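> Chains as they are written, first to last, in the UniProt record's numbering: chain A, 1 to 161; chain B, 1 to 161; chain C, 1 to 161; chain D, 1 to 161; chain E, 1 to 161; chain F, 1 to 161; chain G, 1 to 161; chain H, 1 to 161.
Number of protein chains: 8
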Amino acid sequence: MSKIGIIMGSTSDLPVMQEAIDILATFGIETEVDIVSAHRTPDKLFDYGKNAHLRDISVIIAGAGGAAHLPGMIASLSPLPVIGVPVKSSNSIDGWDSVLSILQMPGGVPVATVALNGAKNAGILAAQILGSSSPEILQKVVDYKESLKQKVEEGAKNIKK
Amino acid sequence: MSKIGIIMGSTSDLPVMQEAIDILATFGIETEVDIVSAHRTPDKLFDYGKNAHLRDISVIIAGAGGAAHLPGMIASLSPLPVIGVPVKSSNSIDGWDSVLSILQMPGGVPVATVALNGAKNAGILAAQILGSSSPEILQKVVDYKESLKQKVEEGAKNIKK
Amino acid sequence: MSKIGIIMGSTSDLPVMQEAIDILATFGIETEVDIVSAHRTPDKLFDYGKNAHLRDISVIIAGAGGAAHLPGMIASLSPLPVIGVPVKSSNSIDGWDSVLSILQMPGGVPVATVALNGAKNAGILAAQILGSSSPEILQKVVDYKESLKQKVEEGAKNIKK
Amino acid sequence: MSKIGIIMGSTSDLPVMQEAIDILATFGIETEVDIVSAHRTPDKLFDYGKNAHLRDISVIIAGAGGAAHLPGMIASLSPLPVIGVPVKSSNSIDGWDSVLSILQMPGGVPVATVALNGAKNAGILAAQILGSSSPEILQKVVDYKESLKQKVEEGAKNIKK
Amino acid sequence: MSKIGIIMGSTSDLPVMQEAIDILATFGIETEVDIVSAHRTPDKLFDYGKNAHLRDISVIIAGAGGAAHLPGMIASLSPLPVIGVPVKSSNSIDGWDSVLSILQMPGGVPVATVALNGAKNAGILAAQILGSSSPEILQKVVDYKESLKQKVEEGAKNIKK
Amino acid sequence: MSKIGIIMGSTSDLPVMQEAIDILATFGIETEVDIVSAHRTPDKLFDYGKNAHLRDISVIIAGAGGAAHLPGMIASLSPLPVIGVPVKSSNSIDGWDSVLSILQMPGGVPVATVALNGAKNAGILAAQILGSSSPEILQKVVDYKESLKQKVEEGAKNIKK
Amino acid sequence: MSKIGIIMGSTSDLPVMQEAIDILATFGIETEVDIVSAHRTPDKLFDYGKNAHLRDISVIIAGAGGAAHLPGMIASLSPLPVIGVPVKSSNSIDGWDSVLSILQMPGGVPVATVALNGAKNAGILAAQILGSSSPEILQKVVDYKESLKQKVEEGAKNIKK
Amino acid sequence: MSKIGIIMGSTSDLPVMQEAIDILATFGIETEVDIVSAHRTPDKLFDYGKNAHLRDISVIIAGAGGAAHLPGMIASLSPLPVIGVPVKSSNSIDGWDSVLSILQMPGGVPVATVALNGAKNAGILAAQILGSSSPEILQKVVDYKESLKQKVEEGAKNIKK
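1) Enumerate, from N- to C-terminal direction, the unbroken alpha helix (DSSP H) stretches of 4 or more residues contained entirely within the region 53-116 of chain G.
2) Checking the sheet assignment: what are the DSSP bridge partners for H:G49?
3) In terms of residues, what are the limits of the beta strand (DSSP E) holding E:G5?
4) Quick test of the definition: if touching needs 3 or more C-beta pairs under 8 Å, does the region 46-65 of chain B touch the region 92-102 of chain B?
5) Does A:I35 come out as helix, strand or coil in the three-state DSSP assignment?
6) Using beta-carbon positions only, say whether G:K3 and G:I60 come within less than 8 Å of one another.
7) Grab me the residues of H:K88's own chain with a C-beta within less than 6 Å of its C-beta, minus the 5 sequence neighbours each way, in chain order.
8) Strictly under 8 Å for the Cβ-Cβ distance: is C:R55 near chain A by that measure?
9) Contact criterion: CB-CB distance below 8 Å. Does H:L148 meet it with respect to chain A?
10) Which same chain residues end up closer than 8 Å to H:K149 when comparing Cβ atoms and leaving out the 5 residues on each side of it in sequence?
11) If you follow the alpha helix (DSSP H) that H:E146 is part of, which residue opens it and which one closes it?
12) Count the other C-beta atoms from every protein chain shown that fall within 10 angstroms of the C-beta of D:L54, then say buried if there are 16 or more, exposed otherwise.
13) So what does DSSP say about C:E19, is it helix, strand or coil?
14) Within the chosen definition, does the region 126-145 of chain H reach the region 18-32 of chain A through at least 3 CB pairs nearer than 8 Å?
15) Going by beta carbon distance, what residues of the same chain come within less than 8 Å of F:N91, once the five residues before and after it are set aside?
16) Residues of chain G with CB closer than 8 Å to the CB of B:K160, please, in chain order.
17) Please state the DSSP three-state secondary structure of D:I124.
18) Mapping DSSP to helix, strand and coil, what is C:T26?
19) Please name the residues in the UniProt domain "PurE" (2-152) of chain C whose beta-carbon is closer than 8 Å to at least one beta-carbon of chain E, in chain order.
20) Cα separation between G:F27 and H:N121?
21) How should A:D47 be labelled, buried or exposed, when 16 other C-beta atoms within 10 angstroms of its C-beta is the threshold for buried?
22) Of the residues G:N158, G:D22, G:M73 and G:M105, which one's Cα is nearest the Cα of G:V36?
23) Please state the DSSP three-state secondary structure of F:T11.
24) Measuring only between beta-carbons, confirm whether D:N158 sits less than 8 Å from chain J.
25) Report the option in H:L130, H:G155 and H:K157 whose CA atom is closest to the CA atom of H:V82.
26) Below 8 Å on the Cβ atoms is my guess for D:G5 versus D:A52; work out the distance and round it to an integer in Å.
27) Using DSSP with H/G/I as helix, E/B as strand and the rest coil, what is F:G131?
28) List the whole-angstrom C-beta distance separating D:T11 from F:G49, where the pair is believed to meet the contact cut-off of C-beta under 8 Å.
29) Apart from the five residues just before and just after A:A75, which ones in its own chain have a Cβ nearer than 6 Å to its Cβ?
30) Taking the C-alpha atoms as reference points, what is the distance between C:L77 and B:P42?
As structure tokens, this is what we get:
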């Protein structure tokens, strides 16, 4: 089965990006995690973007903060679907820079952007992408959504006591 | 082969959303287009969201403006990957409301958000999602990216004359 | 006498929404509190929205954060007046997403939006709505406004000492 | 039957506010329209706010732009529910000033805020408030929502041809 | 000699507004401090605004937060120059609501707005207004500016050591 | 009688600033108009700021757009009250840069900021400042406010026909 | 003498970027203009960034709009000073995305950002950079600043007539 | 060899600006540090701006917060390249005022703006400007970029363990 590539611009993004790693583990989907900085390791960026689809990676999750160029540059280099996670890093202006520099890609080069710090949703979206061609993973997504519902219902019971 | 479902909140969103229909036609990918309003046809919303994956749809593109609830509610109801297109509708505050009410989904329910009015990129992203399990479609994405490059190079030639 | 339905997207919204419960208790108006998540319990959302006016509920207060779809979806489903409380949840971008995704509803489906985290005002507004057809409750609102005035005047006395 | 009071800060707000007048006429609900400027006719503001509930008015709709103080000051003076319409006037900064100076009322004094230029929704909300104690008006709201649905469905038919 | 009237919407604004009181004391200019809430004590607001210039007040400083209507309403009622201090209160969205609802007054009714929480500058501005017709106070402003310069120069000396 | 100095950063600001000139003419107050660019004529800026109070100027109105430094620099150099008019110039980002670079002055150096393009209000504020020590001008302000009221009342008559 | 490299993401950026070309021609400084798209021609981007300093280029001016990655990626690849011009392209949200994705670079990789659409200033800044080591060019900058002053003074003469 | 002039509006900006001093020390480039307040020491500002290029300074780094006029006024007075550092000072509205009042300079007077609190990048940019005419310093920049890359690669090794 194919893998999800998870990359981030800096080790300081790991606490946020860990949620993508964890939820994909829950779904039993293999991940490959690496640090790739668009601004500090441009050669690694090029190598990663050009070759990911030639290895066994089928979806790329890329997280970055501030003027976040990693997701968009990977989308420039790779034909795979790229999920961008805007990270509210310490040098960010309330997260607006991270969000806009990932979301507002020009026509021709999409990045599937999730919420600020929304790495968990990036992982679920990657699972849904695999699930769109795998009935087995689709069923896991259905089960996951059922578990969300049950958790809310338990909370509702407590509030009504 | 599976289809891409393209829905929008109002016929007034069609000029923007047409770009998704057109680019997917270019890729030779079948689409099914409908109007589904979260706020005016909630029953149709529920029916659409609950059953899309039981028909032959594998990715849903949903466009809406203002307090745009269509993409997020479809993502709530369907296990399929949902791509959200924020539309800068006439009642929107410079597009910020459309962007934020699609992008900022809570943990558990992702929407793959593209740029404001970025319906073309929504179509390309849908193709990339199909391509992640179809070498044939992946090759079409590779070819498309090559065509983008050639168009820029022609522009560059003209500017240097 | 009719009741005010108070719902919220998550138990984590309760500390904010409690102010609506408390102020309505002060007015002697009965409330019914529940957790209804637009994104995690869509069936409950539909059931709640479609039936609230068939039970003894006359106004609905709905609080949610981030891409907050609960107030708008309830307004889509119910003919009752819906008061929306934008909650500054942990995943919110300074509250802007909560505010805009509740306030900017399309023509035809209003949500009576109050200030960010303004659950107390949502409660008072619900009382005013009941008061618009009940002289008894209207008088309670008049008395409440008088009590606000007296509190300010006491503060003024202290400052002038 | 009681009336809806519709006031605005300037005759230049009338093109926006007319939608509230029109939709309430459709519902067969009587309206009383006036110009009341918080900043230029403060005495009229005081008289209006203090006496509206003593006449046959049960809900007040107030529209204003820029540093929009009319809705909040009326809410300060009247025990009735006040619906605020932020108007994107010529001196407004993209509507943000109008929205924030109406929405962000302090605890104790709510204004039921609708979308920027959302006068139509203000009218519908006023009807819903009357409907919360009048089965006849509630039915009109139910019928109106049905008409919205049918209009969307006709649009959907055309798009699928 | 005439006095500066300093008013604020709530005792919670006092820590910010104290800076205006203190700097005016430094200039030897008399102040009169009071709590006047536009939303909770509208009668006091009217009385204050209509009569301040008939007493010995020549400039009014008004501070408020959130949907801050106090400065603008006082400017509506009084012919005196009104200085508005946007306060970043606990219910404010990063101060934007306070700033915009004080600054963006319609043509005809100015409020002299200072920076967010800029009560000190409001005091200095009041002194400058008195100074524009009083050579003695003008000289105090000149001296104050000289003291600012000397403080910076001392800091500069330390940094160059 | 003293004069109001009106300066602006560029002749392109004149259409906006003309409103200050006109309203002061209405009040019978003398003005002196000049172009002073903080960024292109810094020597003139210094000369103007240092000497205005030594000539017969008692209030300075300064308008500028974009990174608008003229009002703040004049306030740095002159002990007179400085009124800043943020101009929405062609190079401005929706006016936010003009507003923030005039309003957000540091402690010690106030600029009395009016609304975006609010030159008319700058003129009225200058009149009010003169009026705070001149009963004759104060009366003109009172009369002006009365004229505003009458204009609104005429508009109200027409709307009620 | 060395050249200024001027690149932009798309031919549609040329009307804005032409101002940089023109002002540098005025200074008699040679320029080399090209189209380099970070997202559509990543190989050309890499080649350009890695080799510019090995050719006779000493400063790079890069203009782009939306999620503008060109200036930052060139700064990642080249040791030369990179001047970024945020372009308000048709797909931009009022220019905020262009500004933030160029300005907010992480520590270690600066981009010298100028105002939105500020290509003229980018050209002047490039001249100033050359001037910091060339007395001849420095003198041209001094002369240019003198010409700005004279133009303002002529405008001032006309306004005072 | 020439020096880099580093100035800031207040000693409270020093913790941010120290990063520029430190990185330039690393590059072995001499700096001269001073406090120059546009608003409190305008004479020193004028003297500094007019004479820096006549001493041995070749690039000026200026940091300031709030309505930050120091970088732009220095750029008005000096023909040297001026690098502006927006500082998120205590009186700033989330840094937006600092950023916009430095970045949005009018045509003719550029400021090379770096990220909010980006003093380190200001120092690197100054080194790059010297490096554009000094092969020795250019090599130091190349080496620095190599060190950034190695640090990321070490982080990547740890994450893959």
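Quick reminder that beta carbons are idealized off the backbone N, C-alpha and C, glycines included. Fair warning: this is a prediction, and the values are worked out from it, not measured in the lab.
Here's the rundown:
1) 70-77 and 96-103
2) None, per the DSSP bridge assignment.
3) K3 to M8
4) yes
5) strand
6) no
7) G95, L116 and N117
8) no
9) yes
10) none
11) P135 to K160
12) exposed
13) helix
14) no
15) G65 and G66
16) V33 and D34
17) helix
18) helix
19) D94, G95, W96, V99, A115, L116, N117, G118, K145, L148, K149, K151 and V152
20) 28 Å
21) exposed
22) G:M73
23) helix
24) Chain labels in this structure do not include chain J; the protein chains are A, B, C, D, E, F, G and H.
25) H:L130
26) 5 Å
27) helix
28) Rounded, the Cβ-Cβ distance is 42 Å, inconsistent with contact.
29) V82, V109 and V111
30) 7 Å
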